[in-house]
Amino acid sequence: MSRNHKEKYENSNPRRMYTLMCPEDYQSGKKSHWSELEITGSIRNLSPNLWQMTHLTALYLNDNSLQRLPSEIGRLVNLRILDLSSNKLRSLPAELGELIYLRELLLNQNFLRVLPYELGKLFQLQVLGLQGNPLSKDVMALYGNGEPAGTNKLLTYMLDNLQDKSEQREFFDHGMKAGDRPNEITSIFEDPLCAGYPFDVEL
Numbered sequence: 001m002s003r004n005h006k007e008k009y010e011n012s013n014p015r016r017m018y019t020l021m022c023p024e025d026y027q028s029g030k031k032s033h034w035s036e037l038e039i040t041g042s043i044r045n046l047s048p049n050l051w052q053m054t055h056l057t058a059l060y061l062n063d064n065s066l067q068r069l070p071s072e073i074g075r076l077v078n079l080r081i082l083d084l085s086s087n088k089l090r091s092l093p094a095e096l097g098e099l100i101y102l103r104e105l106l107l108n109q110n111f112l113r114v115l116p117y118e119l120g121k122l123f124q125l126q127v128l129g130l131q132g133n134p135l136s137k138d139v140m141a142l143y144g145n146g147e148p149a150g151t152n153k154l155l156t157y158m159l160d161n162l163q164d165k166s167e168q169r170e171f172f173d174h175g176m177k178a179g180d181r182p183n184e185i186t187s188i189f190e191d192p193l194c195a196g197y198p199f200d201v202e203l
């Protein structure tokens, strides 16, 4: 699937309309029927109720104190915009790759050192914010200044490596007979650029 987008994507922030939840509303389980939702107020943990809002097309979780993003984020399959800027995230779940309609993913100002290869499956993604994270120089060299060409280059790299890792895992899964276990010490190899799937090689 091509990443060349003929239609120009317009950032929705200037005309952004959403339901704003304060911490008290959020903790009390208040629900939103709007298609866009912002949760703010130094939130540290997300309620499981959030993952039931599969109608959401935009979710703004920026400027909180989130240290992790649950894998259940993959249930919000209708999201077009996801803003996680200015949190304390150190890693991202592979399930982000399930948000195939995502066009804007903002991860600025976190503590991310690696990215999941599954981001390469986001073929609709046109805006990717990574500034302010301690990512490797190699990742940032591909990404550049966040221009579309750099974003496409980085996402293509991730997709290529995701496919490579899947093939490697399949080789090791099927190359060993059922019940066999290596007796030798194993070494785990992993791409230093992104959080891929580690695999064992006998020494």
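Residue 1 is where the sequence shown starts when you use UniProt numbering, and the numbers rise one by one after that.
The C-beta atom is built at its ideal place from N, Cα and C for all residues, glycine as well.
When you compare each of the options to residue i by their alpha carbons, which one comes out closest?
i, options, result
"Y157", "F123, P134, N87 and D83", "F123"
"N148", "L159, L128 and N49", "Looking at the sequence itself, residue 148 is Pro, so the reference to Asn does not match. It is L128."
"K88", "P48, Y143 and S65", "S65"
"L37", "R44, R75 and A58", "A58"
"N78", "L130, S42, T151 and S35", "S35"
"Q109", "L135, A94 and P93", "L135"
"Q67", "Q163, L155 and L107", "L107"
"L56", "R90, L99 and Y117", "L99"
"L92", "F111, R80, R75 and L69", "L69"
"R90", "G74, F111, L115 and D160", "F111"
"D160", "L130, R75 and L119", "L119"
"G132", "L155, L142 and S86", "S86"
"N94", "R75, R80 and Y117", "The question names Asn, but residue 94 in the sequence shown is Ala. Answer by Cα proximity: Y117."
Can you grab the Cα-Cα spacing for the pair residue i / residue j, in whole Å?
i, j, result
"I39", "Y60", "6 Å"
"L102", "N49", "21 Å"
"L84", "L46", "12 Å"
"W51", "E72", "6 Å"
"N62", "L82", "9 Å"
"M140", "M53", "34 Å"
"R44", "Q163", "34 Å"
"E104", "V114", "19 Å"
"L96", "G41", "23 Å"
"residue 206", "L155", "No answer is possible for residue 206: the residues shown for the chain start at 1 and end at 203."
"G146", "R80", "18 Å"
Taking its Cβ as the centre, do 16 or more other Cβ atoms sit within 10 Å of residue i, making it buried, or is it exposed?
i, result
"Q126", "buried"
"G144", "exposed"
"T151", "buried"
"K137", "exposed"
Looking at chain D, is there any beta carbon in it that lies within less than 8 Å of the beta carbon of residue i?
i, result
"G150", "No chain D appears in this structure, which consists of one protein chain only."
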